[in-house]
Amino acid sequence: MNVSANQRSRKSLACTTAATAYQKAFGKELRRKVVDEQEPFAIVQADTPHEIFHAMDIPIITNQWWSAYISAKQLSARYFDTLVDAGYPANSCKYCSLGLACTLANDPETAPWGGLPKPTVLVARLTCDCIQHVFGQWAEALGSEFFPMEAPAWVDKDLRWYAHAQSDWERVYQPDRIAQMVREMEDLIALLEKRTGRRFDEEKFHHLMEQINVQEGYIWEAAQAIGAARPCPVSIAEQMPNTMIPQWHRGSEWAVGHAKRFRDEVMERINQGLGASSRENIRLMWIGAGVWHDPGFYQALEESLGAVFVWSMYMPFAGPSYIRDLHGRPMEALASRVASMNETLHLPPWMNGWMTAEAQRCGIDAAVMLLPPDNRLSQSGTKMTASALEDAGVPVLMIDADMVDAKIWDHDRMVGMVADFLAEKGLA
Numbered sequence: 001m002n003v004s005a006n007q008r009s010r011k012s013l014a015c016t017t018a019a020t021a022y023q024k025a026f027g028k029e030l031r032r033k034v035v036d037e038q039e040p041f042a043i044v045q046a047d048t049p050h051e052i053f054h055a056m057d058i059p060i061i062t063n064q065w066w067s068a069y070i071s072a073k074q075l076s077a078r079y080f081d082t083l084v085d086a087g088y089p090a091n092s093c094k095y096c097s098l099g100l101a102c103t104l105a106n107d108p109e110t111a112p113w114g115g116l117p118k119p120t121v122l123v124a125r126l127t128c129d130c131i132q133h134v135f136g137q138w139a140e141a142l143g144s145e146f147f148p149m150e151a152p153a154w155v156d157k158d159l160r161w162y163a164h165a166q167s168d169w170e171r172v173y174q175p176d177r178i179a180q181m182v183r184e185m186e187d188l189i190a191l192l193e194k195r196t197g198r199r200f201d202e203e204k205f206h207h208l209m210e211q212i213n214v215q216e217g218y219i220w221e222a223a224q225a226i227g228a229a230r231p232c233p234v235s236i237a238e239q240m241p242n243t244m245i246p247q248w249h250r251g252s253e254w255a256v257g258h259a260k261r262f263r264d265e266v267m268e269r270i271n272q273g274l275g276a277s278s279r280e281n282i283r284l285m286w287i288g289a290g291v292w293h294d295p296g297f298y299q300a301l302e303e304s305l306g307a308v309f310v311w312s313m314y315m316p317f318a319g320p321s322y323i324r325d326l327h328g329r330p331m332e333a334l335a336s337r338v339a340s341m342n343e344t345l346h347l348p349p350w351m352n353g354w355m356t357a358e359a360q361r362c363g364i365d366a367a368v369m370l371l372p373p374d375n376r377l378s379q380s381g382t383k384m385t386a387s388a389l390e391d392a393g394v395p396v397l398m399i400d401a402d403m404v405d406a407k408i409w410d411h412d413r414m415v416g417m418v419a420d421f422l423a424e425k426g427l428a
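Residue numbers for the sequence shown follow this note's numbering, so the first one is 1 and each next one is one higher.
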């Protein structure tokens, strides 16, 4: 990897610094709980019901967050070599298997936190073939248990699911799928109560779901304002941390308060006419997970070309995928949130329908799409989405790179590739 001086992202918002400081302090506290004090904790995928654990005061380490954390510390190349040396294929899914690789390396001197201790349970939805193998073998390596959750087929093909998900969620996500997810969540609660001695608090859970709606409402307001504003007040280099860090703590007093502070700071910049670039000419869309080892990539062309990454999936996802009218049924509302989270981000027709609508909403001039060579789920709907965007007049550059594997990334080459693409399309 070519480590450029531009690798770090620039910060224009006070709340960006506050969010990263909070997460750093949280990481230290989480380490104290799970490593030093050996509290019960769980390792979970991003698309699992985190709210269950929050309501039971059980700390969680999200696999995607842990992978991004390892990658940001420039350790991914070492651990992927460990996987290959252990006999795993070189084309293993990088995003999901980096945590397993870190555990198998068994090198406390280099591993973050000295490596993860034994969790109470590992939880993942079976959204692709590799998940069961990764989490099953990871649980075995840690001496724990894997609790798989099903990902049943989604028959309803509502292309405008995003417009109906808040209130009509039972129809959109199908009653039978929601019912199955509720049963699995009840089984998970029973397992956690048995293993930890902690009890699921219905009242706390209901309040948490209500507060999540408040939090996501602030994020969605900011997303709508950013899409309409000219110039774009905040690029995705700052949208991502201000969305995702509160998302890991969703419904907490801090997360709700931070989402409001972010919304307010975005509105203030819009009112003052401030932009991420002093000369915005091109509005870009980023499709895929973040390149966690090179956040400065997103701001590299803001001043030279006036090219601003206005959109990524994380922030606008808050509205359609998280906000729910509870209808007095918070468990079912949560099930609808979890049941299709990956599908709406990665599979047609839901992915391409939503992203095309979002490109139109935000006035996108061109899209850059991450195509991780070994991540099957992240490749699933990409070509159909690219085709749909191009049919709508939005040219798409597809780049072969990985969100956590820095080996195949070169900052200057990737920035040059985007610049050349924009020139070729007559945008720069």
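Every residue gets a Cβ at the ideal spot worked out from N, C-alpha and C, and that includes glycine.
Asked                                                                                                                                              : Found
Go through its chain and collect everything with a Cβ distance to W292's Cβ below 7 Å, but skip five positions before and after it.                : A68, S71, A72, M403 and V404
Within its chain, find whatever has a CB closer than 7 Å to the CB of S97; leave out the 5 residues flanking it on each side and keep chain order. : L83 and V134
Near T130, which residues of its chain fall below 6 Å by C-beta distance, leaving aside the five closest residues on each side in sequence?        : In the sequence under discussion, the amino acid at residue 130 is Cys, which differs from the Thr named in the question. Same-chain partners within the cutoff: C93.
Tell me where the beta strand (DSSP E) around F146 begins and ends.                                                                                : F146 to M149
In whole angstroms, give me the CA-to-CA distance for P216 and K204.                                                                               : The sequence shown places Glu at residue 216, not Pro. If you take the alpha carbons of E216 and K204, they lie about 18 Å apart.
Which of helix, strand or coil does DSSP assign to F200?                                                                                           : coil
Is M56 near the ligand MG - that is, is its Cβ less than 7 Å away from at least one heavy atom of it?                                              : Inclusion of the ligand MG in the displayed structure is not the case, the ligand content being empty and no account of it being possible.
Taking its Cβ as the centre, do 16 or more other Cβ atoms sit within 10 Å of A5, making it buried, or is it exposed?                               : Note on A5: pLDDT 41, under 50, position unreliable in the model; no value is reported.
What did DSSP end up calling D410 once you bin it into helix, strand or coil?                                                                      : strand
Closest by CA to F421, which one among I408, P395, W409 and T344?                                                                                  : P395
Using the C-alpha atoms, what's the distance from L116 back to T196?                                                                               : 18 Å
Does DSSP put S153 in a helix, a strand or coil?                                                                                                   : Note on residue identity: the sequence assigns Ala, not Ser, to residue 153. Note: A153 maps to coil in three-state DSSP.
Whose C-beta lies closer than 7 Å to the C-beta of F146 among residues of the same chain, with five residues either side of it excluded?           : L122, F135, G136 and A139
Under 7 Å Cβ to Cβ from L427, same chain only, skipping five residues before and after it: list those, please.                                     : I282, D365 and A366
Smallest Cα separation from A423: which of G306, G353, R269 and L13?                                                                               : G306
Looking only at DSSP bridge pairs, what is W254 linked to?                                                                                         : DSSP output for W254 lists no bridge partner at all.
Helix, strand or coil for A124? Go by DSSP, reduced to three states.                                                                               : strand
State the DSSP-derived secondary structure class of F53, mapped to helix, strand or coil.                                                          : helix
Does the Cβ of R177 have 16 or more other Cβ atoms within 10 Å, making it buried, or fewer, making it exposed?                                     : buried
Going by DSSP, what residue range makes up the beta strand (DSSP E) through F309?                                                                  : A307 to W311
Specify, as a first and last residue, the run of the beta strand (DSSP E) that W286 falls within.                                                  : I282 to I287
In angstroms, rounded to a whole number, what distance separates the CA positions of L13 and D85?                                                  : 43 Å
When burial is assigned at 16 or more other CB atoms within 10 Å of the CB, is P152 buried or exposed?                                             : exposed
Does the distance from the C-beta atom of L159 to that of P316 stay below 8 Å?                                                                     : no
Is it true that the CB of I323 sits closer than 8 Å to the CB of N213?                                                                             : yes
What does DSSP give as the partner residue(s) for L370 in the beta ladder?                                                                         : I399
Does DSSP classify A42 as helix, strand or coil?                                                                                                   : strand
Thinking C-beta only, is A386 closer than 8 Å to M414?                                                                                             : no
DSSP three-state call for I219: helix, strand or coil?                                                                                             : helix
Beta-carbon within less than 6 Å of V3's beta-carbon, same chain only, minus the 5 sequence neighbours each way: which residues are those?         : Note that V3 has pLDDT 42, beneath the 50 cutoff, so the model's placement of it is unreliable and the number below is only indicative. Excluding positions up to five away in sequence, the list is empty.
Tell me, please, which residues DSSP counts as bridged to T62.                                                                                     : V44
Which residue marks the beginning of the alpha helix (DSSP H) containing H164, and which one marks its end?                                        : W161 to H164
What number of angstroms, rounded off, separates the C-alpha of Y22 from the C-alpha of A111?                                                      : 22 Å
For E184, count neighbouring Cβ atoms within 10 angstroms of its own Cβ and tell me buried if that reaches 16, exposed if not.                     : buried
Would you kindly report the start and end of the unbroken alpha helix (DSSP H) that includes S321?                                                 : A318 to Y322
Which runs of the alpha helix (DSSP H) at least 4 residues long sit entirely within the segment 75-146? Give them in chain order.                  : 76-85, 94-105 and 129-142
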